[in-house]
């Protein structure tokens, strides 16, 4: 358990490492936000970053009254694209009804703390250019554009 | 990227006022702080007032006060009151000959515009004020002087 803070009366929010029992809630939350149901993907992510594999990364959830209200997943990556080890956040979600209550910030702070504990001093992420909500969230946490550019091309 | 003067003045004024919404400042006070034309700023503040971002304060002292929601308003919301970002450039005008070159230029420039628009839309006034407080530019390594163009060297 990382942190507890009261966000609504009688509904303290707990930020903690994800467990296997959380996966149905994570899958449901992801589906509610993205419209896509990805059970295999989330079980594989949990297998890589869940409670038993904390040295590989962090899979944290925000729980209130037994319900998964948000999650964040990150890991330390080293020497990809020529970059020294740094923390990468590659998934974050908060239930729409619980946004702007500080849950996202608590999750972000907790995963950054795990990166500091792993000895890195930088956190990065990537996001879709037209996802203004998540872009604004990361900016509000203090992130700014980094020195890398994402390029792509079709292969068909 | 360069912004037009009116746009820059608008951002100065809105951010200055949003930093302390309870405070009212006169045109001259803001103009003096930023070393800009009070006459030009007055026009900009009238436009900002019409858009609902600031409100004129009547009575002794007068001036303007922030009237928006700093968590919701973005840099793009202010900028687009004064200019278009991501507007088509001259390279977009279709040519009878060289149409592919024009289309290729448009493609590359659109990449830059899309990035600019996404960035400006993502930064709320509140986020901008926090960034200003952190002063990230002070932590950046010194940049080498910009290379002169061939025209500048002549």
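Protein chains in written order, with our numbering: chain D, 473 to 628; chain P, 6 to 159. In this text, a Cβ means the ideal position worked out from N, Cα and C, and glycines have one as well.
Residue burial annotation: residue 116 (chain P) is exposed, with fewer than 16 other C-beta atoms found within 10 angstroms of its C-beta. Note that the C-beta distance between residue 559 (chain D) and residue 533 (chain D) is not below 9 Å.
Note that the C-beta distance between residue 53 (chain P) and residue 18 (chain P) is below 9 Å. Note that the C-beta distance between residue 490 (chain D) and residue 522 (chain D) is below 9 Å. Taking the beta carbon of residue 616 (chain D) as reference, the chain P residues within 9 Å of it are 136 and 141, listed in sequence order. Cα atoms of residue 610 (chain D) and residue 133 (chain P): separation of roughly 12 Å, rounded to the nearest angstrom. For residue 593 (chain D), the closest Cβ of chain P is not nearer than 9 Å.
The Cβ neighbour count for residue 531 (chain D), taken over all protein chains shown within 10 Å, is at least 16; the residue is labelled buried. Counting the other CB atoms within 10 Å of its CB gives residue 598 (chain D) a total below 16, which places it among the exposed residues. Note on geometry: alpha-carbon atoms of residue 621 (chain D) and residue 124 (chain P) lie some 14 Å from one another. At least one beta carbon of chain D lies nearer than 9 Å to the beta carbon of residue 129 (chain P).
By DSSP's assignment, residue 70 (chain P) forms a beta bridge with P:60. In the structure shown, the three-state DSSP call for residue 619 (chain D) is coil. Ranked by Cα distance from residue 555 (chain D), the first of D:628, D:483 and D:618 is D:618. If you look at residue 532 (chain D), you'll find it isn't in any alpha helix (DSSP H); it sits in the beta strand (DSSP E) that goes 529-536. Annotation: residue 75 (chain P) to residue 545 (chain D) spans about 29 Å, alpha carbon to alpha carbon. Put simply, of P:122, P:87 and P:31 the residue whose alpha carbon is nearest the alpha carbon of residue 47 (chain P) is P:31. Excluding residues up to 5 positions away in sequence, 30, 59, 69, 70 and 71 lie with their Cβ nearer than 7 Å to the Cβ of residue 22 (chain P) in the same chain. For residue 565 (chain D), the secondary structure class from DSSP, reduced to helix, strand or coil, is strand.
Here DSSP, grouped into helix, strand and coil, assigns residue 541 (chain D) to strand. With 16 or more other CB atoms across the displayed protein chains lying within 10 angstroms of its CB, residue 36 (chain P) is buried. Assigned with DSSP and collapsed to three states, residue 89 (chain P) falls in coil, not helix or strand.
In the three-state reduction of the DSSP assignment, residue 592 (chain D) falls in the coil class. When only Cα atoms are considered, residue 14 (chain P) and residue 33 (chain P) end up about 13 Å apart. By DSSP's assignment, residue 79 (chain P) forms a beta bridge with P:129. The Cβ of residue 119 (chain P) sits closer than 9 Å to at least one Cβ of chain D. With a cutoff of 9 Å on beta-carbon distance, residue 44 (chain P) and residue 11 (chain P) are scored as not near each other. Collapsing the DSSP output to three states places residue 65 (chain P) in coil.
Cα atoms of residue 144 (chain P) and residue 131 (chain P): separation of roughly 21 Å, rounded to the nearest angstrom. The residues 86, in chain order, have a CB closer than 6 Å to that of residue 56 (chain P) in the same chain once the five nearest residues on each side in sequence are set aside.
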